[in-house]
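Numbering-wise (the numbering used here), the sequence shown opens with residue 13 and increments by one.
For reference, the structure discussed in these notes is given below.
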Amino acid sequence: MPFIFLLTLTLSSITFANNSAFVHEALKNILSYHEENPGEYFKKIKPYFTETAFNQYQTNFEKTNLPLIQQLKLAMSGQIIDLTQNEETHFSGNISLSFQGVNVNLSQKLTTSITLSDKDSQQARITDITFQKSNEPEIKIKNYEEKVMCLKRKGLTADK
Numbered sequence: 013m014p015f016i017f018l019l020t021l022t023l024s025s026i027t028f029a030n031n032s033a034f035v036h037e038a039l040k041n042i043l044s045y046h047e048e049n050p051g052e053y054f055k056k057i058k059p060y061f062t063e064t065a066f067n068q069y070q071t072n073f074e075k076t077n078l079p080l081i082q083q084l085k086l087a088m089s090g091q092i093i094d095l096t097q098n099e100e101t102h103f104s105g106n107i108s109l110s111f112q113g114v115n116v117n118l119s120q121k122l123t124t125s126i127t128l129s130d131k132d133s134q135q136a137r138i139t140d141i142t143f144q145k146s147n148e149p150e151i152k153i154k155n156y157e158e159k160v161m162c163l164k165r166k167g168l169t170a171d172k
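Given below as structure tokens:
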């Protein structure tokens, strides 16, 4: 009986570690967009998601980040600040997201929450991922026109 308990604990800890490694790898790729066309980016990250979660992420990304990335020719990169595994299939933490371009740099701290598919499934997949602002973005802009465009997206004017 103790052997079965130890085996169960060992398998559970392996799954725990595998899920953690999977989430770190997924976030690294999800938060990285460098001069790709959107199709290549989405093809690269799709294997990390369930179909429903991927469609939701793609729709949100195309509405929020993609227009800014394409108009200002930005690269996106992210860094995990901290990530906690709350349960076997749920993670939460903080990330730093940056957009870099020739004339503009934006950085934002975000909290993230990630839920993976049930442990009974063959391969872990993200079923839900959320990002919430932790603070106002820091924007460094060299070009006035780009500054106006960024401020307009935030609902401000260039005078403010």
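The beta-carbon is built from N, C-alpha and C at its ideal position, and this holds for glycine as well.
DSSP, reduced to helix, strand and coil, places residue 118 within a strand of the structure shown. Distance from the Cα of residue 151 is smallest, within the candidate group 136, 118 and 67, for 118.
Close CB contacts of residue 89 within its chain, under the 6 Å cut and outside five residues either way in sequence, are with 44 and 110 (chain order). For residue 83, there is no enclosing beta strand (DSSP E); the enclosing alpha helix (DSSP H) covers residues 63-84. Apart from the 5 residues on each side of it in sequence, residue 54 sits with its Cβ closer than 6 Å to the Cβ of 70 in its chain, given in chain order. The shortest CA-to-CA distance from residue 112 to any of 65, 149, 64 and 99 is the one to 149. Separation of the CB atoms of residue 65 and residue 142 is rounded to 11 Å, and the pair is thereby denied contact status at 8 Å. Taking each of 137, 104, 49 and 127 in turn and checking the Cα distance to residue 58, the smallest one comes out for 137. If you compare the alpha carbons of 91, 127, 84 and 107 with that of residue 98, the shortest gap goes to 127. Residue 135 and residue 107 have their alpha carbons spaced roughly 25 Å apart. With distances taken between CA atoms, residue 124 lies nearest to 103 out of 160, 67 and 103. Residue 92 is positioned such that its CB atom lies closer than 8 Å to that of residue 36. Residue 105 has its alpha-carbon roughly 8 Å from the corresponding atom of residue 122.
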